[in-house]
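So the protein sequences, as listed, match chains C and L. For what it's worth, the numbering used here labels the leading residue of the first sequence as 1, then goes sequentially. For what it's worth, the numbering used here labels the leading residue of the second sequence as 1001, then goes sequentially. Just so you know, even glycine gets a beta-carbon here, dropped at the ideal spot from N, CA and C. Report on the structure given below.
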Amino acid sequence: MSDNLMLENAALQVEEALPESMNPVEPFLRSERIPHIWCPGCGIGTTVNCFARAVMDSKLDPNKIAVVSGIGCSGRVAGYVNLDSFHTTHGRAIPFATGLKLANPELTVVVYSGDGDLASIGGNHLIHAARRNLDIKVICVNNLIYAMTGGQSAATTPESCTTATSPYGTFEPTLNLPHLLEAAGATFIARWTTYHVMQLAKTMKEALLHKGFSFIEIISPCPTLFQRRNQMGDGLETMKFYKEHGKTKHGADTASLDMTKSGDIIIGKFVEKKDRPEYIDHMREYYTQKLGRPFEYQVKTC
Amino acid sequence: MPADPKAVLTGVHFLNGDVACCEGALAAGARFAAGYPITPSTEIVERFASRAPEVGGVFIQMEDELAASIALQGAVWGGAKSFTVTSGPGFSLMMEHVGYAAMTETPCVFVDVQRGGPSTGLPTLPAQGDMMQARWGSHGDYEVIALCPNSPQECFDLTIKCFNWAEDYRNPVVLLMDECVGHMTEKVVIPPAEQIDVTPRHLTDKRPGDYLPFKPCDNLVPEMAHAGDGYRFHITGVTHDERGYLAVTSQAQDKLVRRLCDKIRSAADQLTLVEEEGTEDADVVVVSYGITSRVAERAIRMARERGLKVGKLRLITIWPFPENRVRAVARRVKTLVVPELNLGQMVYEVERVAGGLARTVGVTHAGGGVHRPEDILAAIVEGAQ
Ligand SMILES: Cc1ncc(C[n+]2csc(CCOP(=O)(O)OP(=O)(O)O)c2C)c(N)n1
Ligand code: SF4
Ligand SMILES: [Mg+2]
């Protein structure tokens, strides 16, 4: 298969299964805001396509889904989805989402942001939201870099990569996000790349329907600031790399998921637990017991 | 609209300011608080943690103040009335989200029980060192409303006012308490629920498609909607247009930020709460606020016993600064004496307004206690000459 065909195929796989010939994700996007800001070959748009598909397949009422983003290229997703959406501050999408969900548990609350936003500046919130097992769905676009600010190194940048702030190459160890999240208590953990669109859309749908803290890491290219600077080619080259090096291992030990610059990327669904109670369910039950009468949860009063 | 009786502890109580503040929040309809423990404010959320489940509310202890100060805003957009509570170091961490609330016009309440600073400072002792931080602490141009109680009763009453004005102006409102007022125990009268006026959220009745989350009404304040109501709106801290969409141009910035400031500045007189007494024929007026106003009271009495003509002007509203009231008093007197538990903050606002009309004299105190009335008296005596 030629490179072009392969890329197209990846994109088409999403569309194939859709009922109409019109762009099926359109109702879920703010078409008046297109063209978007993302560079050619950027993976973020691909993830949004998958997300729109997942929303559709989940059969959830879109009026009851809210998307919360932090700051970054990935943080711009909130601005493009035709849902209630909140573009918050750098690193704080999760605590915002926490308040939103607690005020109105009827909402499906999705946090959509970047690796720097969620895992570095917002890392503390990520850990504690997973610990609580509050029912929010975190979608982390991991492009291994701080893209929006010009390609500085991140806690997710593999060793020996050149970035704007590591002209001699990165030497710090990196964060293995699925492993961190499992230790913290997340009950749904998966990783895909932007090449694996069908799998990603399916996993996103499952996460939307999972009750509890869910985390999907998406390895995604930033050709402009990461791949090119590291002689890894453009978006297309990266797709080939993901195809060759993406190794699906559902249920893999999360300790084995470290990322390197040019090694294999273990992908799949690693954790799906039903035995930990979800935060709000647990709170309702707990207070009902403690109060000796039903806990009449009513935070939304306006 | 009257308060929901379920959460109103009607009766005559003996409460400290922190507890009274919590009861005020409950009476005002708060059913969500996010906090992070810090002396001397913690009693407010401790009380809320014990009261909230009884009324179906939620207290969540977040992992830090950055989290607490944005969780409360998520809750607001989900349909709750909510607040957070902190003191100096925590208030510093919350600053980015005071700005976010101002920019996104999120009605919410920040309570800051002031202690000595900078940094960890005096964790258990009073100060009034955050007066300017409350106004200017976040970057950029914006306005807050800030109120300053001097008794547990006022902690109750003004907390309700904070929640009501947050709704009326779609703006963050700060209650600037201090350690003394927070820990002081006095009589607090909580009226029957039907006598407590609670401002409902100003929700739009426009249809989805017609609603613009940042299109101002005549009072420059836009109407609100909640997530889940079918509007599919967008909120951002980036400069935005009336749809809430990013608009990063100097024209959009000018239009938005001027309106954010003007909606508060143009309402300054409605937002002014002061207590004024004996200023008609005074030579000196003591301008004070919070716990310092109670020490000033004593100094004023001592000065009057000496035959001096002294009046008092107590600022209850701190921001927007009650310029017109201060200026009116400045026209009539020789000297304005401004005691405060800091090394000079509000005194410069008084001076700005009184400049050319009256002399302004500060009486500073670095915090950790309250003034000796004699020190304020000395400034009065000198000011009368
Ligand atoms: C408090 C704060 N610090 C720093 C920034 C600058 N900043 C904006 S985006 C960003 C990094 C975003 O990286 P990531 O979350 O990985 O998103 P990406 O752009 O890579 O998608 C930074 C540091 C900011 N906006 N706010
Ligand atoms: S800079 Fe990188 S992450 Fe940002 S839009 Fe361009 S390719 Fe995507
Ligand atoms: Mg990134």
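Excluding sequence positions up to five before and after GLY1237 of chain L, its CB lies within less than 7 Å of the CB of TYR1100, MET1103 and THR1104, all in the same chain and listed in chain order. Look at VAL81 of chain C here: in three-state DSSP terms it is strand. Membership of GLU1277 of chain L in any alpha helix (DSSP H) is not indicated; the residue belongs instead to the beta strand (DSSP E) covering 1274-1277. For ILE1235 of chain L, the chain C residues whose Cβ falls inside 9 Å of its Cβ are ALA78, ASP84, SER85, PHE86, HIS87 and THR88, in order along the chain.
Contacts with chain L at 9 Å (Cβ-Cβ) do not include GLN199 of chain C.
For LEU181 of chain C, there are no neighbours in chain L by C-beta distance under 8 Å, as the nearest C-beta there is about 15 Å away. Annotation for LEU126 of chain C: the continuous alpha helix (DSSP H) segment containing it runs 123-132. For the options C:GLY99, C:PHE28, C:ALA78 and C:PHE171, the alpha carbon positioned closest to that of LEU60 of chain C is the one of C:PHE28. Taking CB atoms only, GLN1073 of chain L has a neighbour in chain C less than 9 Å away.
For ligand 1, no non-hydrogen atom lies closer than 8 Å to the CB of ASP275 of chain C.
At least one CB of chain L lies nearer than 9 Å to the CB of THR98 of chain C. Exclusion of the five residues before and after ASP84 of chain C leaves ALA66 as the residues of its chain whose Cβ lies within less than 7 Å of its Cβ. Beta-carbon to beta-carbon, GLU1323 of chain L and VAL1353 of chain L are separated by about 5 Å, close enough to satisfy the 8 Å threshold. For ILE1291 of chain L, the enclosing alpha helix (DSSP H) begins and ends at 1290-1305.
Residues of the stretch 1239-1266 of chain L that bring their beta carbon within less than 7 Å of a beta carbon in chain C comprise TYR1245 and LEU1246, in sequence order.
Against CYS140 of chain C, chain L offers no close residue; the least beta-carbon distance is about 18 Å (beta-carbon pairs closer than 9 Å). Taking the Cα positions, GLY1137 of chain L is about 34 Å away from TYR279 of chain C. Taking 9 Å as the CB threshold, PHE295 of chain C lines the interface with chain L. Not a single C-beta of chain L is nearer than 9 Å to the C-beta of VAL55 of chain C. Contact between VAL68 of chain C and ALA103 of chain C is ruled out by a C-beta separation of about 13 Å, above the 8 Å threshold. Listed in chain order, the non-local C-beta contacts of ILE37 of chain C below 7 Å within the same chain comprise ARG76, local neighbours out to five positions each way being set aside.
By the 16-neighbour rule on beta-carbons within 10 angstroms, ASN23 of chain C is exposed. SER1092 of chain L has a beta carbon lying at 9 Å or more from every beta carbon in chain C. Unbroken beta strand (DSSP E) stretches of 3 residues or longer found wholly inside the stretch 1030-1070 of chain L: 1032-1035 and 1058-1061, given in chain order. Spatial neighbours of ALA164 of chain C in its own chain (CB-CB distance under 7 Å, excluding positions within 5 residues in sequence) are listed in chain order as GLY150, GLY151 and GLN152. Per DSSP, CYS1022 of chain L is one residue of the alpha helix (DSSP H) stretching across 1017-1027.
Among the residues facing chain L, GLU106 of chain C is included, as its CB has a counterpart in that chain under 9 Å away.
PHE96 of chain C has its CB no nearer than 8 Å to any heavy atom of ligand 2. Exclusion of the five residues before and after GLU1340 of chain L leaves GLN1128, MET1131, SER1288, TYR1289, THR1292, MET1346, VAL1347, GLY1362, VAL1363, THR1364 and HIS1365 as the residues of its chain whose Cβ lies within less than 8 Å of its Cβ.
For PHE215 of chain C, the three-state secondary structure derived from DSSP is strand.
At a cut-off of 8 Å, the beta-carbon of SER74 of chain C counts as near ligand 3: some heavy atom of the ligand is closer than that. For LEU1260 of chain L, the enclosing alpha helix (DSSP H) begins and ends at 1250-1265.
Per DSSP, PHE51 of chain C lies in no beta strand (DSSP E) segment; the continuous alpha helix (DSSP H) that holds it begins and ends at 44-58. At the C-beta level, ALA1075 of chain L and VAL1198 of chain L stay beyond 9 Å of one another. Pairing LEU1256 of chain L with ASP117 of chain C, the inter-Cα distance amounts to about 27 Å. Every unbroken stretch of the beta strand (DSSP E) spanning 3 or more residues and falling wholly within the stretch 1167-1245 of chain L is given here in chain order: 1172-1178, 1185-1190 and 1234-1236.
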